[in-house]
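These protein sequences, in sequence, are chains A and B. The first sequence lines up with residues 807 to 1230 when you count with the numbering used here. The second sequence lines up with residues 6 to 277 when you count with the numbering used here. Ideal Cβ positions, reconstructed from N, Cα and C, are used throughout, including at glycine. Notes follow once the structure below has been shown.
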Amino acid sequence: MSDTMISVEGLGKRYIIGRERNGSDGLRHALNDLVTAPFRRLRNRQSAIGNRHSEPFWALKEINFTVATGEVVGIIGRNGAGKSTLLKILSRITEPTEGRVRIRGRVASLLEVGTGFHPELTGRENVFLNGAILGMTREEIKRKFDEIVAFAEVEKFLDTPVKRYSSGMYVRLAFAVAAHLEPEILIVDEVLAVGDGAFQKKCLGKMDKVAQQGRTVFFVSHNMPSIKRLCTSVILLSNGRLVRSGSAESVIGEYLRENAGNGAAVELADSDHAVHSPLKIKTVEVLNSKGTRSDVIFFGEDIFIRLTVQAEAPMPNVRVGIGIHANGVRIATVHAPAVDFPGSPQPHTFVCKVAADALLPNFYSLHVGAHSIERGGLDWVPDAVDFRIEPVGTDGSDDHDHRDWGLISLNALWEADLLAVSVH
Amino acid sequence: MEEIIIEPGRGFKHYWRDLWAYRELFYFLAWRDIAVRYKQTAIGVAWSLVRPFLTMVVFTLVFGKLAKLPSGNTPYPILVFAAMLPWQFFSNALTASSESLVGSANMISKVYFPRLAIPTSAVIVSFVDFLLSFVMLLALMAWYQFIPSWRMIALPLLTLLAFCAAMGAGLWFASLNVKYRDFRFIVPFVVQFGIYVSPVGFASSIVPPKWRLLYSLNPMVGVIDGFRWAIIGGEAELYVPGFLLSIGLVVLMLASGIWYFRKTERTFADVI
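Shown next as structure tokens:
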């Protein structure tokens, strides 16, 4: 007996979108259509609702995949790719237009935290209500009540109405109820986007535990590190189609390639910084050998990376660093020599030159940061800017996919009796 | 482990089993609506007794003392209250359930559970109010030292009939309202119109005999007549053909309501 938990065949979901007629879906129009239907059929015209003002929109088309027991499947894709629609179909919230899904096992979905929570009811009452909505019996909820409350850390506030909770407490309680469902298949949609760092850590930890218990998990997120950490396989959706599936590394790599639009020069916003201190990296730019900003560098050209850094207070012994990433892996890190920042409001410029033939044609992402021995990490911006190195057909080798060759290019010298040149 | 197949048009074969699995949800949703009603009020749940009590007092004053309408041996307030009881149940249930799906739009688009639980729990909430009003009716009868007849035994069955009528109409309007929001305005009109057309303020015996059967096309006529017959006793007669017609219509309304609800349920999440 196969242990396939979920099998999806030829799944498609179509919506009819169109211009709204004045007011809601007109009852008048529907009645009109109902009455004129026999006459329309006589004249062989198509249904008015299908034709006028409307067009079909396929949110999902020809989706095929299978999931075995115990897998943790990540679903990634741009906004509007169809991820939530897929989850809704798997959760039986909406029906597919074509295709079929076979599921073995109880499904519980967390598409939103706190569904069904009523602000006027107390925390205790909402735990029961939410649990019942998610499919638990009263017995089950009573049994797990203490665990749920302990996970959410809201013991003291159980008997106050939920409308008085802070958003953090609200989200913790909501997630706690859902986390204690014991389904065979758990479906989670971007709920980690809500909540602070501690909460996200807790959520990931819980999902990890669920996965280790051998349950199947479907996880939609834009947070690549958590996808990489949890998922045994990843599916990439684009415009409603399944573009790629496979290991986390390869699929995320493809996704990042598709979306490398973060080109060449970025002014970093406050939210991009993961560490905060008086020192801040303000801009990151990638320049080609002519000194102009470019997100494409040809193999063989020098690469220049320019940073502007500002420190509001004097900082001694600062080393600015750049991490170079490709294929989801940190290939190399380069550090500037230690400098002392005087603490003036004026930003200082750093330019780093990377020898061109060191990196093979590929898609790259730069992470930038600064640290000092005294204070540790001063600033850190992951995924600050992207660029790519394009192959150049000088020696006829551009018909190979250079990505197969590795990540870096080594300066190696050859000696052979057929060659005229000698190494010594 | 059971295998579930999700396909267009299949409509979830396991629906009725799911309803049983989710049976506690019916209770929780009804409990939620009732609990929320009285949150942050001073006298709390006592309000659910106060309302029918005040209605009863008003009836006694207006119909009994002020209007001094003739009512035979039965005190007028009891005559009217006996009809108000099922009518209030029906109109509250109809109003609550027609709005229930749209009001739970958020849950419908984010969680799976048998959607039938939503309008049903709205009717259950109205049923709880019905029970409390019934208690008030008993108090009224005690006040007037009115002894009810043995026909009161039929009340549970008649209550079931009223429940089915409320559910049938409720399901129709609830599902229609999801797609055609016009029904938000149609329902209050139906209720307002209905209270004059149904034998609440008057007895259906004043309808001329040749129109009686046609009049019974309003399903609530049979239900209200039945209630009057059971509660008042001796004087109230039951027009049997009309009553049977009403029962038939109620059953038809309920069956078709469930059918239409199940048919459109699969598009709720997309349309709501």
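Point to revise | chain B residues whose Cβ lies nearer than 8 Å to that of Glu904(A) | key: As a working note, residue 904(A) is residue 98 in the first sequence. Near Glu904(A) (Cβ distances below 8 Å), the residues of chain B are Pro13.
Check your understanding: chain A beta carbons: is any one of them nearer than 9 Å to that of Val50(B)?
Key -> Counting from one through the second sequence, the residue named residue 50(B) turns up at place 45. Not one chain A Cβ lies under 9 Å of Val50(B).
Exercise for review: Output yes if chain B places a C-beta closer than 9 Å to the C-beta of Thr872(A); else output no.
Suggested key: Numbered from 1 along the first sequence, position 66 holds the residue referred to as residue 872(A). Not one chain B Cβ lies under 9 Å of Thr872(A).
**Study point:** Cβ separation of Ile1103(A) and Phe1193(A), assumed to be a contact under 8 Å, to the nearest whole Å
**Key:** Taking the first residue of the first sequence as position 1, residue 1103(A) is located at position 297. Taking the first residue of the first sequence as position 1, residue 1193(A) is located at position 387. Indeed they touch by this definition, with Cβ atoms about 6 Å apart.
Point to revise | Cβ-heavy atom distance, Leu257(B) to the ligand HEM, below 8 Å | key: Within the structure as shown, the ligand HEM is missing, as the structure has no ligands at all.
Exercise for review: Kindly identify the DSSP beta-bridge partner or partners of His1141(A).
Suggested key: For this step, residue 1141(A) is matched to residue 335 along the first sequence. Answer is Gly1127(A), bridged to His1141(A).
**Study point:** Straight-line Cα distance separating Pro925(A) from Ser830(A)
**Key:** Here residue 830(A) refers to the residue found at position 24 of the first sequence. Here residue 925(A) refers to the residue found at position 119 of the first sequence. Because the pLDDT at Ser830(A) is just 47, under 50, the model does not fix this residue reliably, and the point stays unresolved.
Review point. Residue ranges of each beta strand (DSSP E) run of no fewer than 3 residues wholly in the region 1033 to 1059 of chain A, ordered along the chain?
Key: Complete beta strand (DSSP E) runs here, min 3: 1039 to 1044, 1047 to 1052.
Check your understanding: Hey, Pro902(A) and Leu817(A): beta-carbon distance below 9 Å or not?
Key -> Looking up residue 902(A) in the first sequence gives position 96. Looking up residue 817(A) in the first sequence gives position 11. It is a contact, given that the beta carbons lie within the stated cut-off.
Review point. Lys1012(A) to Ala985(A), Cα distance in whole Å?
Key: Counting from one through the first sequence, the residue named residue 1012(A) turns up at place 206. Counting from one through the first sequence, the residue named residue 985(A) turns up at place 179. Cα to Cα, Lys1012(A) sits roughly 7 Å from Ala985(A).
Exercise for review: With 9 Å as the threshold, decide whether the Cβ of Pro862(A) is near any Cβ in chain B.
Suggested key: As a working note, residue 862(A) is residue 56 in the first sequence. Pro862(A) does not count as touching chain B.
Check your understanding: Does any CB atom of chain B fall closer than 9 Å to the CB of Asn828(A)?
Key -> Walking along the first sequence from the start, residue 828(A) turns up at place 22. For Asn828(A), the pLDDT reaches just 43, beneath the cut-off of 50, and the residue's location in the model is therefore unreliable, although a value from the coordinates is still provided. Chain B, which has no Cβ nearer than 9 Å to the Cβ of Asn828(A), makes this no.
Review point. Closest Cβ-Cβ distance between Ser126(B) and chain A: below 9 Å?
Key: For the purposes of this step, residue 126(B) is identified with residue 121 of the second sequence, where counting begins at 1. Taking Cβ atoms only, chain A never reaches closer than 9 Å to Ser126(B), which makes this a no.
Check your understanding: Taking the alpha-carbon positions, what's the Leu1048(A) to His1154(A) distance?
Key -> The count along the first sequence starts at 1 and reaches residue 1048(A) at position 242. The count along the first sequence starts at 1 and reaches residue 1154(A) at position 348. A straight-line Cα-Cα distance of about 46 Å links Leu1048(A) and His1154(A).
Exercise for review: Starting from Asp1108(A), follow the beta strand (DSSP E) in both directions and report where the run begins and ends.
Suggested key: As a working mapping, residue 1108(A) is identified with position 302 in the first sequence. For Asp1108(A), no beta strand (DSSP E) encloses it, and the DSSP letter there is neither H nor E.
Review point. Would Val41(B) count as contacting chain A if we go by Cβ distances under 9 Å?
Key: Indexing the second sequence from 1 puts residue 41(B) at position 36. With a threshold of 9 Å between beta carbons, Val41(B) makes contact with chain A.
Check your understanding: Between the C-alpha atoms of Leu249(B) and Gly227(B), what's the straight-line distance to the nearest angstrom?
Key -> Indexing the second sequence from 1 puts residue 249(B) at position 244. Indexing the second sequence from 1 puts residue 227(B) at position 222. Looking at the two C-alpha atoms, the distance is approximately 8 Å.
Check your understanding: chain B partners of Lys867(A), CB-CB under 9 Å?
Key -> Looking up residue 867(A) in the first sequence gives position 61. By Cβ distance, chain B contributes nothing, its closest Cβ being about 14 Å from Lys867(A), past 9 Å.
Check your understanding: Are the beta-carbon atoms of Ile236(B) and Tyr149(B) separated by less than 9 Å?
Key -> Within the second sequence, residue 236(B) is the residue found at index 231, counting from 1. Within the second sequence, residue 149(B) is the residue found at index 144, counting from 1. Taking 9 Å as the Cβ cut-off, Ile236(B) and Tyr149(B) do not qualify as a contacting pair.
Practice item. Just confirm the distance between the C-beta atoms of Leu1085(A) and Val1124(A), as a whole number of angstroms; I'd bet it's less than 8 Å. Key: If you number the first sequence from 1, residue 1085(A) lands on position 279. If you number the first sequence from 1, residue 1124(A) lands on position 318. Indeed they touch by this definition, with Cβ atoms about 7 Å apart.
Practice item. Scan the region 880 to 905 of chain A for residues whose Cβ lies nearer than 9 Å to a Cβ of chain B and list them as they occur along the chain. Key: So the list reads Lys894, Ile895, Leu896, Ser897, Arg898, Ile899, Thr900, Glu901, Pro902, Thr903, Glu904, Gly905, given in the order they occur along the chain.
Check your understanding: For the candidate residues Asp1101(A), Leu1172(A), Asn1045(A), Leu1165(A), whose alpha-carbon lies nearest to that of Gly1129(A)?
Key -> Indexing the first sequence from 1 puts residue 1129(A) at position 323. Comparing alpha-carbon positions, the option among Asp1101(A), Leu1172(A), Asn1045(A), Leu1165(A) lying closest to Gly1129(A) turns out to be Leu1172(A).
**Study point:** Within 9 Å, strictly: CB atoms of Arg189(B) and Glu270(B)
**Key:** Residue mapping note: residue 189(B) aligns to position 184 of the second sequence, counting from 1. Residue mapping note: residue 270(B) aligns to position 265 of the second sequence, counting from 1. Cβ atoms of Arg189(B) and Glu270(B): not closer than 9 Å.
Review point. Exposed or buried, what is Ile113(B) when buried is set at 16 or more other beta-carbons lying within 10 Å of its beta-carbon?
Key: Taking the second sequence and counting its residues from 1, the one referred to as residue 113(B) is at position 108. Taking all protein chains shown into account, Ile113(B) has 16 or more neighbouring C-beta atoms within 10 Å of its C-beta and is therefore buried.
Check your understanding: In this structure, does DSSP put Ile123(B) in helix, strand or coil?
Key -> Taking the second sequence and counting its residues from 1, one reaches residue 123(B) at position 118. Ile123(B) falls in the helix class under three-state DSSP.
Practice item. State the Cα-Cα distance for the pair Thr272(B) and Thr900(A), rounded to the nearest angstrom. Key: For the purposes of this step, residue 272(B) is taken as the residue at position 267 of the second sequence. For the purposes of this step, residue 900(A) is taken as the residue at position 94 of the first sequence. Thr272(B) and Thr900(A): Cα-Cα distance of roughly 7 Å.
Check your understanding: Okay, do the region 875 to 888 of chain A and the region 952 to 964 of chain A touch, 3+ Cβ pairs below 8 Å being the bar?
Key -> Result no; under three Cβ-Cβ pairs closer than 8 Å.
Practice item. Note down, in chain order, every chain B residue with its Cβ under 9 Å from the Cβ of Ser915(A). Key: As a first step, residue 915(A) must be located in the first sequence, where it is residue number 109. Neighbours of Ser915(A) on chain B, chain order: Lys115, Val116, Tyr117.
Review point. Who are the near neighbours of Leu254(B) in its chain, counting only those whose CB is closer than 6 Å to its CB and skipping five residues on each side?
Key: Residue numbering aside, residue 254(B) sits at position 249 when the second sequence is read from its first letter. Correct list, in chain order: Pro224.
Check your understanding: Can you list the residues of chain A that Tyr265(B) reaches, using a CB-CB cut of under 8 Å?
Key -> Numbered from 1 along the second sequence, position 260 holds the residue referred to as residue 265(B). Per Cβ cutoff of 8 Å: no residues; Tyr265(B) is ~14 Å from chain A at best.
**Study point:** Three-state class that DSSP yields for Met942(A) in the structure shown
**Key:** Numbered from its first residue, the first sequence carries residue 942(A) at position 136. In the three-state reduction of the DSSP assignment, Met942(A) falls in the coil class.
Exercise for review: Mind checking which residues open and close the alpha helix (DSSP H) that includes Val1157(A)?
Suggested key: To locate residue 1157(A), count along the first sequence from 1; it is residue 351. First-last for Val1157(A): 1154 to 1160, but that is the beta strand (DSSP E), not the alpha helix (DSSP H).
Review point. Just reading off the beta strand (DSSP E) that Thr1022(A) is part of, what are its end residues?
Key: What you label residue 1022(A) is simply residue 216 of the first sequence in a count that begins at 1. Segment 1022 to 1026, the beta strand (DSSP E) holding Thr1022(A).
Review point. Which value, in whole angstroms, describes the spacing of the CA atoms of Leu1165(A) and Ser1039(A)?
Key: Here residue 1165(A) is taken as the residue at index 359 of the first sequence, counted from 1. Here residue 1039(A) is taken as the residue at index 233 of the first sequence, counted from 1. The C-alpha of Ser1039(A) is placed about 29 Å away from the C-alpha of Leu1165(A).
Check your understanding: Given that Leu935(A) touches chain B, what residues does it touch there, using C-beta distances under 7 Å?
Key -> Looking up residue 935(A) in the first sequence gives position 129. Near Leu935(A) (Cβ distances below 7 Å), the residues of chain B are Phe33, Arg37.
Check your understanding: Apart from the five residues just before and just after Val107(B), which ones in its own chain have a Cβ nearer than 7 Å to its Cβ?
Key -> On the second sequence, residue 107(B) is found 102 positions in, with the first residue counted as 1. Taken in chain order, the residues that qualify are Asn182, Val183, Ile277.
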